[in-house]
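What follows is a short report on a single structure.
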Ligand SMILES: C[S@@+](CC[C@H](N)C(=O)[O-])C[C@H]1O[C@@H](n2cnc3c(N)ncnc32)[C@H](O)[C@@H]1O
């Protein structure tokens, strides 16, 4: 994969917070780069995608790397809670598969619905990581909806961090980290 500063930085953050006893979720497996990385940090990964192609690519990567702590699930991330009872973290790399059908992209409504359903299930210390893209129409809509939603979270319960490249052209992606630091009241 072409080196991308923000994606590398997102991985760097995951390493800080995920330990070998954690169960984690990759909500958008795609070509499996994030799933493979998560598998090296954690006890178990549940990875979701709605495309057969993503499952095939990821299964190939995992097999080449002799990884066996990952469950690949051909389903929307909206159903995460049907498959996993608890998890330390859920990561999203939004948008569409590079060099693939751009119409199969994450959608604002389902992304927001999943994020709202995950937050109450996180324990203290749990987090969501989102890599968000504003360089295409649906990505822009998704990003605006996310910012609106996150802006209304209880700031005692959730600490939201945004990492971006403010001085770079061409709509670089940004990272949102949502850390749960207190139970919801
Ligand atoms: C930018 S790619 C993910 C890249 C990936 N994490 C990697 O390491 O290669 C976004 C992926 O989200 C998937 N996707 C779109 N809507 C989804 C949904 N509702 N549930 C799960 N995956 C979805 C797309 O099929 C696509 O493979």
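Residue numbers (our numbering): -18 to 166.
Glycine included, each C-beta is placed from N, C-alpha and C at the ideal position.
Per-residue burial, residue i [other beta carbons within 10 Å of its own, 16 or more giving buried]
| i | result |
| --- | --- |
| residue 143 | exposed |
| residue 58 | buried |
| residue 162 | exposed |
| residue -16 | exposed |
| residue 76 | buried |
| residue 99 | buried |
| residue 39 | buried |
| residue 16 | buried |
Bridge partners - residue i, DSSP secondary structure assignment
| i | result |
| --- | --- |
| residue 7 | 28 and 72 |
Local conformation of residue i per DSSP, three classes
| i | result |
| --- | --- |
| residue 85 | coil |
| residue 165 | coil |
| residue -16 | coil |
| residue 78 | coil |
| residue 146 | coil |
| residue 117 | coil |
| residue 155 | strand |
For residue i, the nearest candidate out of the options (CA to CA)
| i | options | result |
| --- | --- | --- |
| residue 111 | 88, 33, 85 and -9 | -9 |
| residue 10 | 53, 90 and 64 | 53 |
| residue 29 | 149, 55 and 17 | 55 |
| residue 184 | 126, 108, -13 and 151 | Within the shown structure, residues of the chain are numbered from -18 to 166, placing residue 184 beyond reach of any answer. |
| residue 139 | 145, 166 and 121 | 166 |
| residue 132 | 66, 105 and 158 | 158 |
| residue 61 | 4, 35, 23 and 21 | 4 |
| residue 22 | 71, 2 and 106 | 2 |
Contact test: residue i Cβ vs ligand 3 heavy atom, cutoff 7 Å
| i | result |
| --- | --- |
| residue 3 | As far as ligands go, the structure on display features ligand 1 and does not contain ligand 3. |
*Examine the Cβ distances between the region 88 to 103 and the region 149 to 157 and report whether three or more of them are shorter than 8 Å.*
Cβ pair count under 8 Å is below three, so no.
_Tell me whether the region 65 to 84 and the region 39 to 47 touch, counting them as touching only if at least three CB pairs, one residue from each stretch, are closer than 8 Å._
With a cut-off of 8 Å, the region 39 to 47 and the region 65 to 84 do not count as touching, because too few Cβ pairs lie within range.
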